[in-house]
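Engineer: Before we start, here is the structure in question, set down as structure tokens.
Below, the structure written as structure tokens:
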């Protein structure tokens, strides 16, 4: 009987111990190369249409868009603005499949009228007004592309001063672009552009925008000035701003680290945010899942270089440069691209790395037809990796 009771107790202990044992740490796997995209000096970003990859960027003073298949074969290539210097810096695709690309251009200007002089024979006082381009890229540009016919539309709004567009988002009725100087610019799907709304000054930079079903927006980035009555807490604060359809600020959430420089680089539609935290010589990626009321549900900090990109409620992609205790086999000798997968509770469930020769993480894009696309660059070439 004693022996039987001892066996029962030992069995109970083993079952109980196994039930509460720490879960196995995920093993980091390798990402799979899908294709390469060309020169890293010309690349700005990409979107997809079906299984077609549309790359946009800038070559010299000219912006372009080109389509590639999954093998990297070029299907078409068009100049976005053949008449003036321009840059393309952000893009999205609407529900009808139209590709929208935003950036900046220079509008054609006339020189001031010179005073007629008596030394020139000009009896009708006709004055030639040669056209010149400004070099300031001080006009907002929006291009639409039909991916089937490559029909190109261009819509332009003159601005008071140049801004850099960092992101655009589209819903059923409008497109919103955000960028430097706290600029928020909205256009309808016919290309009619409204006057910009400026939330802040050149001390504010917006890097991502999410449109919500009630037509409000979440805009994220960084600022070193008072916004919505919220004062600066650190050297530069990461900011999360809720904005109404009309551009009115509804709420502002700032980071609170007193000596840090912070920035939110990306925001998914489910409000998974990725950003950068610099404190002295220490650089980290911040990854935080927020509720619709901007309350953090869970958060991580990882030693890193460069920007952090997020997708859905699940993925974050950044350039990791140190051991991560939640992973079984991660101890990079130099900064290396790392994609982390989170479960519904925010626990790390999987991880994937890009090759060591990929020196920079450029983006993370979710495609219905191609899956998750991790964009990196080596010294010369931009590449797309997918999950194995």
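Residue numbers (the working numbering): 2 to 389. All residues carry an ideal CB built from backbone N, CA and C; glycine is no exception. Since we're looking at a predicted model, the values are computed, not measured.
1) Quick one, which of 200, 337 and 347 has its alpha-carbon nearest residue 291's?
2) Starting from the C-beta of residue 387, find all residues in its chain whose C-beta is less than 6 angstroms away, skip the five residues before and the five after it, and write them out in chain order.
3) Taking the alpha carbon of residue 268 as the reference point, which residue from 382, 316, 37 and 251 has its own alpha carbon closest?
4) Enumerate in chain order the residues of its own chain whose CB-to-CB distance from residue 204 is below 7 angstroms, with the five nearest sequence positions on each side excluded.
5) Hey, how far is the Cα of residue 230 from the Cα of residue 220?
6) Can you give me the start and stop residues for the beta strand (DSSP E) that residue 346 sits inside?
7) On the CB-based measure, 16 or more other CB atoms within 10 Å of its CB, does residue 82 come out buried or exposed?
8) Roughly how many angstroms lie between the CA atoms of residue 43 and residue 108, to the nearest whole one?
9) For residue 200 and residue 242, what's the separation of their Cα atoms in angstroms?
10) Taking residue 88 as the reference, give the member of 76, 140, 228 and 72 with the closest Cα.
11) Could you tell me which uninterrupted beta strand (DSSP E) segments, each at least 3 residues in length, are contained entirely in the stretch 290–351, listed from first to last along the chain?
12) Exposed or buried, which one is residue 357 when buried takes at least 16 other CB atoms within 10 Å?
13) Hey, out of 324, 343, 246 and 167, whose CA is closest to residue 334's CA?
14) Name the two residues that bound the continuous beta strand (DSSP E) containing residue 277.
15) Just the Cα atoms here: how many angstroms apart are residue 232 and residue 339?
16) Can we say the stretch 44–53 touches the stretch 349–369, given the rule of at least three CB pairs closer than 8 angstroms?
Structural biologist: Reading it off the structure:
1) 347
2) Taken in chain order, the residues that qualify are 33, 35 and 372.
3) 316
4) 224, 225 and 226
5) 17 angstroms
6) Unbroken run through residue 346: none, as it is neither H nor E.
7) buried
8) 23 angstroms
9) 9 angstroms
10) 140
11) 297–312, 316–321 and 337–343
12) So residue 357 counts as exposed.
13) 324
14) 273–280
15) 34 angstroms
16) Under the 8 angstroms Cβ criterion, the stretch 44–53 counts as touching the stretch 349–369, having at least three qualifying pairs.
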